[in-house]
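Residue numbers (the working numbering): 88 to 999.
Shown next, in structure tokens, is the structure this report addresses.
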Amino acid sequence: IPGYQDDVSAESSTEFPDRMSLMEVRLQAQEDEITLLKSSLADALRKLRLHDQQIPLLKQQLIAGNLSLEDALPESIQFTDETPIKLRREEEDAFEEEMGKDQTWSSLVEETIQPTTVRTLQQQQSKGSEDSQGSCPQTPTSSSPAPPKELASSPHGGPLSSIREEENMLCVDLQKWNQALAGLIVATVNIRVLCILPFILLTGQSIKMFIRGRPITMYIPSNILNYEELRMDLPSQKLDLDWVYGYRGRDCRANLYLLPSGEAVYFIACVVVLYHIRNQTQRHYQKHTDCVRCLAIHPDKVRVASGQTAGVDKDGKPLQPFVHIWDSKTLVTLQQIGLGTFERGVGALAFSSSDNGTFLCVIDDSNEHMISVWDWNKNIKHTEVKSTNEAVLGVDFSPTDTNNIISCGKSHVYFWTLSAGTLTKKQGIFGKYKKPKFVLCFVFSLTGDVLTGDSEGNILTWGKSAADTKTLGKGAKETFQIMKQTRAHEGSVFTMCILQGGAILSGGGKDRKIIRWSADLAPERECEIPEKFGAVRTIADVDGEELLVGTTRNAILRGTFSDGFVAIVQGHVDEMWGLATHPTQNIFITCGNDRQVCVWNAGDHKLDWCATLEESGLCADFSPNGAVVSVGLSTGRWVVLDLQTKEVVSDLTDGNEQLSVMRYSPDGSFLAVGSHDNFIYIYNVTEGGRRYTRFGKCTGHSSFITHLDWSKDGKYIMSNSGDYEILYWDVASGCKLLRNRFESKDREWASYTCVLGFHVMGVWLEGSDGTDINALCRSHSERMVAVADDFCKVHLFQYPCPKPKAPSYKYEGHGSHVTNVRFTHNDSHLLSMGGKDTCILQWRVKGAGTGDHSKEHLASSSSNVCLCVLRCEEKSSLSCEIMLRRQSSRKQSESFFVRTTIFVQFFFSVTV
């Protein structure tokens with residue numbers, strides 16, 4: 088049965104608090120680090136190999152210039168020829184061919200090296216401290232992809248022994264250069280981490296940054312005359328949370344209530360939603376810093392308590408959980424309790440009833456599941472005691488006596504008594520009745536009895552019995568025993584609810600039934616919710632007849648026993664990755680690991696339709712005409728759906744690995760399919776997006792494809808890969824790899840979703856390891872760019888933002904890594920999608936002059952790696968300060984990485 092997996096899915100994370108998950112993340116991070124270190128070593132080895140190949144070429148040129156090599160190089164390398172010499176280096180063609188052979192890992196990830204024109208090198212040997220000098224005219228190389236007028240000297244080693252430039256003359260001691268490079272390469276920090284510190288000189292035409300040791304070259308567009316004087320400002324727009332799609336019913340319980348205002352209150356991710364059912368509007372409480380886990384409503388039906396999980400920061404360090412008590416009318420936080428007291432998270436909450444809600448009972452997610460009682464208004468903890476090592480699923484005060492508290496969970500029901508500031512417990516005795524694996528819920532009847540629902544499908548009535556002095560002696564105490572057992576459901580009883588007249592509602596797991604019982608537990612009415620919504624998770628009474636039902640497939644239903652139930656809130660039930668917006672309408676599509684592809688209406692805030700796929704959907708894109716949408720699956724298969732008929736009009740497969748990106752060309756004539764097999768498959772699109780014919784395949788990436796974009800003319804593609812490559816492709820000429828990336832610096836792109844590129848370089852935060860940004864999207868107006876990061880945040884930057892420390896607005900709301908972001912067709916809204924939190928947030932884009940009540944922060948980001956800029960003074964000096972900083976700070980893996988900071992500063996003397 089969908090949604091019915093086990094009896095205590097809500098507490099699986101409590102019993103095993105993500106330890107295995109953290110270990111897996113740490114292991115993956117270490118594997119990624121090793122791979123990148125290998126890539127860095129591959130870069131260095133290739134540079135050494137190319138450098139060694141230059142010496143014979145120089146020798147040939149010297150011989151061709153009628154010079155004796157022995158005369159030219161008596162003790163150290165000296166060049167006295169005044170004829171221009173071309174150093175022929177391998178271009179990226181050879182590199183791609185080498186990768187195709189798949190020889191060793193050293194050829195997998197290599198930096199592209201631009202061919203360089205080497206001017207005449209002249210060095211005169213002298214005995215003392217005489218300077219080395221030389222002169223030659225500049226001779227450009229026509230076939231070089233580097234800038235034809237400004238020539239770059241790109242050594243790849245350590246410090247240079249002597250560099251002087253005079254009258255366009257460059258002198259280099261290649262021998263010492265080579266030795267210094269070798270010395271740097273063999274320097275190791277420990278047996279597992281090798282620090283490769285490339286040395287880069289840039290001429291103002293390009294910028295090179297490093298991500299985890301991987302050098303990335305980005306060329307500065309021609310319209311930027313002075314890069315250093317570029318000013319990075321905040322975007323003129325801001326975001327305000329407009330709508331929240333989804334509900335957390337899959338693994339939480341007792342999290343749906345109806346307020347007197349007509350609003351249903353529930354939560355998903357870090358947001359508590361107040362949804363007005365009749366007006367179909369939402370308000371949001373956004374003061375939580377991580378996923379909300381539980382809710383409690385004060386007896387006045389106005390104040391609300393919400394508890395959150397602990398979570399971790401970007402370095403993997405645990406954050407402290409807490410409980411907020413807030414006003415549902417004003418959304419003002421009244422009190423925060425438990426910061427520094429609770430461990431791992433808050434699992435259950437309850438206000439006292441008989442004393443007008445003075446006390447709040449809290450059970451945390453620590454190993455002992457500590458139970459504490461607070462005078463929440465004064466922020467005073469009255470008592471705290473260990474509860475049990477087993478999972479705890481619910482807690483509540485007796486409606487008639489604040490000193491009596493009930494808790495239930497795995498194989499137990501505890502009856503607590505608060506006396507003189509101390510909590511004591513008595514365990515419910517099952518006696519002759521079968522002890523259930525889980526006691527999942529309980530309510531208090533109007534007569535004061537305790538009714539529990541369990542994993543055996545029974546409702547048990549508990550009562551207090553007198554002490555058995557005959558058997559247990561004079562010291563025997565009263566006990567709580569089962570007075571009656573009522574068979575209620577096939578499978579578990581997931582929830583129970585008391586109506587005003589004393590009638591009882593119960594919700595079943597396996598049978599998906601809602602049953603109304605009389606006060607003496609005689610069945611009166613029943614109904615079954617549709618299978619597609621899963622099992623009943625929780626029930627809220629509206630008016631005695633109408634009900635709200637939360638389900639295990641993250642839906643909220645509204646209806647009655649006679650009329651049935653319809654969904655008013657729906658969402659995904661597993662991790663989501665695919666997101667696309669319609670080119671002309673306020674429609675967007677999502678897909679994920681739950682194998683559901685959903686089409687949403689952003690204007691009406693509702694689900695238009697949903698289809699079930701055979702595999703997980705990981706990426707999607709609308710055709711430019713808006714008639715069809717293509718969805719990439721986890722097996723290499725991809726399907727095309729008609730938006731009107733909802734039918735599959737095309738079904739194809741490329742490779743056998745998951746697809747990561749689908750992207751139509753601007754005119755809709757091509758479709759590019761990016762795969763984890765390192766290829767981009769290009770298809771001709773005809774018949775309005777219903778017919779696809781293979782056009783070609785882009786081959787050249789050394790890792791899986793992560794992002795790609797088409798140029799505005801539909802002829803070229805820019806793509807990123809898992810090893811941080813930026814490649815360009817000429818699709819019109821047969822999917823040809825453009826070796827000369829410099830030629831693409833001024834190309835205009837129809838969309839900008841690639842996370843690596845000159846125009847978005849400033850979005851990378853300091854200390855990023857390359858996987859911290861999952862997605863970005865440029866607005867259609869090309870004025871702003873939204874970023875989805877791995878730390879539950881959505882960022883809004885100015886576009887373009889090509890400089891480090893670009894300021895941004897930062898928005899919270901997601902409780903998991905943000906997997907994707909997209910602007911709607913007219914830039915009126917931004918959509919962001921969480922991973923494990925299964926939440927879709929719709930943000931309203933507002934002008935800078937309007938007020939903003941969303942949870943935003945001014946954030947400053949910077950490139951995590953070095954920018955090397957060569958600044959040429961007009962007359963007397965040439966100064967270059969190079970900062971090489973390698974800072975690896977992967978989440979949950981602090982001790983494995985090495986943080987190395989090296990500053991190298993040297994000065995050139997220039998004589999004009």
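Ideal placement from N, C-alpha and C gives every residue a C-beta, glycine not left out.
Computed from a prediction, not measured in an experiment: that's the story for all the values here.
Requested in this report: May I have the straight-line CA-CA distance separating K524 from F438, to the nearest angstrom?
Outcome: Along the sequence shown, read from residue 1 onward, the residue named residue 524 stands at position 437. Along the sequence shown, read from residue 1 onward, the residue named residue 438 stands at position 351. K524 and F438: Cα-Cα distance of roughly 27 Å.
Requested in this report: Examine the Cβ distances between the segment 525–538 and the segment 584–596 and report whether three or more of them are shorter than 8 Å.
Outcome: In short, these stretches touch, since the Cβ pair count reaches three.
Query raised in the report: Taking the C-alpha atoms as reference points, what is the distance between E701 and L739?
Result: Residue mapping note: residue 701 aligns to position 614 of the sequence shown, counting from 1. Residue mapping note: residue 739 aligns to position 652 of the sequence shown, counting from 1. The alpha-carbon atoms of E701 and L739 are separated by roughly 13 Å.
**Report entry** First and last residue of the uninterrupted beta strand (DSSP E) at Q395
**Finding:** For the purposes of this step, residue 395 is taken as residue 308 along the sequence shown, with counting starting at 1. R390 to Q395 is the span of the beta strand (DSSP E), which, as asked, contains Q395.
Query raised in the report: Are there three or more Cβ pairs, one per stretch, closer than 8 Å when the segment 860–872 is compared with the segment 809–823?
Result: Result no; under three Cβ-Cβ pairs closer than 8 Å.
Query raised in the report: What three-state label does DSSP hand P143 in the structure shown?
Result: As a first step, residue 143 is located in the sequence shown; it is residue number 56 there, counting from the start. If DSSP states are grouped into helix, strand and coil, P143 belongs with the helices.
Query raised in the report: Just the Cα atoms here: how many angstroms apart are I142 and V842?
Result: As a working mapping, residue 142 is identified with position 55 in the sequence shown. As a working mapping, residue 842 is identified with position 755 in the sequence shown. Distance from the CA atom of I142 to the CA atom of V842, rounded to whole angstroms, is 39 Å.
Query - With 16 other Cβ atoms within 10 Å as the buried cut-off, status of I602 - result: Your numbering for residue 602 matches position 515 in the sequence shown. Buried is the call here.
Report task. Note down, one range per segment and in chain order, each beta strand (DSSP E) of at least 3 residues found wholly within the segment 797–879. Result -> 803–808, 813–817, 860–865 and 871–876, all fully within the segment 797–879.
Report task. Evaluate the contact criterion for the segment 785–799 versus the segment 833–849: three or more CB pairs, one atom per stretch, below 8 Å. Result -> By the criterion of at least three beta-carbon pairs nearer than 8 Å, the segment 785–799 is in contact with the segment 833–849.
Query - Of the listed residues T911, V932, C697 and K890, nearest to D320 (C-alpha basis) - result: Locating residue 320 in the sequence shown gives position 233, where the first residue counts as 1. Answer by Cα proximity: K890.
Query raised in the report: Does the beta-carbon distance from G621 to H576 come in below 9 Å?
Result: Taking the sequence shown and counting its residues from 1, the one referred to as residue 621 is at position 534. Taking the sequence shown and counting its residues from 1, the one referred to as residue 576 is at position 489. Not in contact: G621 and H576 (Cβ atoms no closer than 9 Å).
Query raised in the report: What first and last residue would you give for the beta strand (DSSP E) that runs through Y898?
Result: One-based indexing of the sequence shown puts residue 898 at position 811. It spans P894 to Y898 - the beta strand (DSSP E) in which Y898 sits, taken as one unbroken run.
**Report entry** Exposed unless 16 or more other CB atoms sit within 10 angstroms - verdict on R365
**Finding:** Mapped onto the sequence shown, residue 365 falls at position 278. R365 should be labelled exposed.
Report task. Could you tell me the distance, in whole angstroms, from the CA atom of F757 to the CA atom of V716? Result -> Translated into the one-based positions of the sequence shown, residue 757 becomes position 670. Translated into the one-based positions of the sequence shown, residue 716 becomes position 629. The alpha-carbon atoms of F757 and V716 are separated by roughly 13 Å.
Query - Top-ranked residue by Cα proximity to F675, from K897, L928 and T122 - result: Locating residue 675 in the sequence shown gives position 588, where the first residue counts as 1. The shortest C-alpha separation from F675 is found at L928.
Query raised in the report: What residues in its chain sit with their C-beta under 7 Å from that of D329, if we drop five residues either side in the sequence?
Result: Start at 1 with the first residue of the sequence shown, and residue 329 comes out as number 242. Only H916, Q929, W930 and R931 meet the Cβ criterion.
Query raised in the report: Can you tell me the Cα-Cα spacing of W461 and C448, whole angstroms?
Result: Numbered from 1 along the sequence shown, position 374 holds the residue referred to as residue 461. Numbered from 1 along the sequence shown, position 361 holds the residue referred to as residue 448. Distance between W461 and C448, taken at the CA atoms: about 6 Å.
Report task. Go ahead and pull the three-state DSSP assignment for Q929. Result -> As a first step, residue 929 is located in the sequence shown; it is residue number 842 there, counting from the start. In this structure, Q929 counts as strand in the three-state DSSP scheme.
Report task. Counting only the same chain and skipping the five closest in sequence on each side, list residues whose C-beta sits under 6 Å from that of V736. Result -> For the purposes of this step, residue 736 is identified with residue 649 of the sequence shown, where counting begins at 1. Closer than 6 Å at Cβ, skipping near neighbours: V727, D729 and R777.
Report task. Report the three-state DSSP secondary structure of V715 (helix, strand or coil). Result -> Here residue 715 refers to the residue found at position 628 when the sequence shown is read from its first residue. The three-state secondary structure of V715, taken from DSSP, is strand.
Query raised in the report: Closest to G508 by CA distance: which of N491, S498 and C879 is it?
Result: In the sequence shown, counting from the first residue as 1, residue 508 sits at position 421. Checked all of N491, S498 and C879; the closest Cα to G508 is N491.
Report task. Specify the secondary structure class of S459 as computed by DSSP and reduced to three states. Result -> As a working mapping, residue 459 is identified with position 372 in the sequence shown. DSSP places S459 in strand when its eight states are reduced to three.
Requested in this report: Return the CA-CA distance between I467 and T445, expressed in angstroms with no decimal places.
Outcome: As a first step, residue 467 must be located in the sequence shown, where it is residue number 380. As a first step, residue 445 must be located in the sequence shown, where it is residue number 358. Their Cα atoms are separated by approximately 11 Å.
Query raised in the report: Counting Cβ pairs closer than 8 Å, one from the segment 364–378 and one from the segment 603–621, do we hit at least three?
Result: Too few Cβ pairs lie closer than 8 Å, so no.
Requested in this report: Pull up the DSSP beta-bridge partners for E701, would you.
Outcome: Here residue 701 refers to the residue found at position 614 of the sequence shown. Note: E701 sits in no beta bridge, so no partner.
**Report entry** Three-state secondary structure (DSSP) of Q367
**Finding:** Counted from its first residue, the sequence shown places residue 367 at position 280. Here Q367 sits in coil by DSSP.
Requested in this report: Have a look at V905, G398, Q369 and R370 and flag the residue whose alpha-carbon is nearest the alpha-carbon of V379.
Outcome: In the sequence shown, residue 379 corresponds to position 292, counting from 1. If we check each option's Cα against that of V379, G398 comes out closest.
Query raised in the report: What distance in whole Å lies between the Cβ atoms of Q572 and Y520, which are believed to be in contact at a cut-off of 8 Å?
Result: Counting from one through the sequence shown, the residue named residue 520 turns up at place 433. Counting from one through the sequence shown, the residue named residue 572 turns up at place 485. Right, the Cβ-Cβ distance comes to about 6 Å (below 8 Å), so this counts as a contact.
Query - Own chain partners of K473 with C-beta closer than 7 Å, once the 5 adjacent residues on each side are dropped - result: On the sequence shown, position 386 is the one that residue 473 refers to. Counting only Cβ-Cβ distances below 7 Å, and skipping sequence neighbours, we find E455 and M457.
Query raised in the report: Are the beta-carbon atoms belonging to G742 and D708 less than 9 Å from one another?
Result: As a working mapping, residue 742 is identified with position 655 in the sequence shown. As a working mapping, residue 708 is identified with position 621 in the sequence shown. Taking 9 Å as the cut-off, the beta carbon of G742 is found no closer than this to the beta carbon of D708.
Report task. Please name the residue or residues paired with V331 in a DSSP beta bridge. Result -> For the purposes of this step, residue 331 is taken as residue 244 along the sequence shown, with counting starting at 1. Looking at the DSSP assignment, V331 forms a beta bridge with L928.
Query raised in the report: Between G595 and the rest of its own chain, which residues show a CB-CB distance below 8 Å, the 5 nearest in sequence each way excluded?
Result: Locating residue 595 in the sequence shown gives position 508, counting from the first residue. Cβ within range, chain order: G544, A575, H576, E577, G578, S579, V580, F581, I601, I602, A622 and V623.
Requested in this report: State the beta-bridge partners of E471 as determined by DSSP.
Outcome: In the sequence shown, residue 471 corresponds to position 384, counting from 1. In DSSP, E471 forms a bridge with S459.
Report task. Count the other CB atoms, across all protein chains shown, that sit within 10 Å of the CB of Q369; report buried if there are 16 or more and exposed otherwise. Result -> Here residue 369 corresponds to residue number 282 of the sequence shown, with the count starting at 1. By the 10 Å Cβ count, Q369 comes out buried.
Report task. Given a cut-off of 9 Å, decide if G427 and D451 are closer than it, judged by their beta-carbon atoms. Result -> Translated into positions along the sequence shown, residue 451 becomes position 364. Translated into positions along the sequence shown, residue 427 becomes position 340. Between D451 and G427, the C-beta gap is not smaller than 9 Å, which leaves the two residues out of contact.
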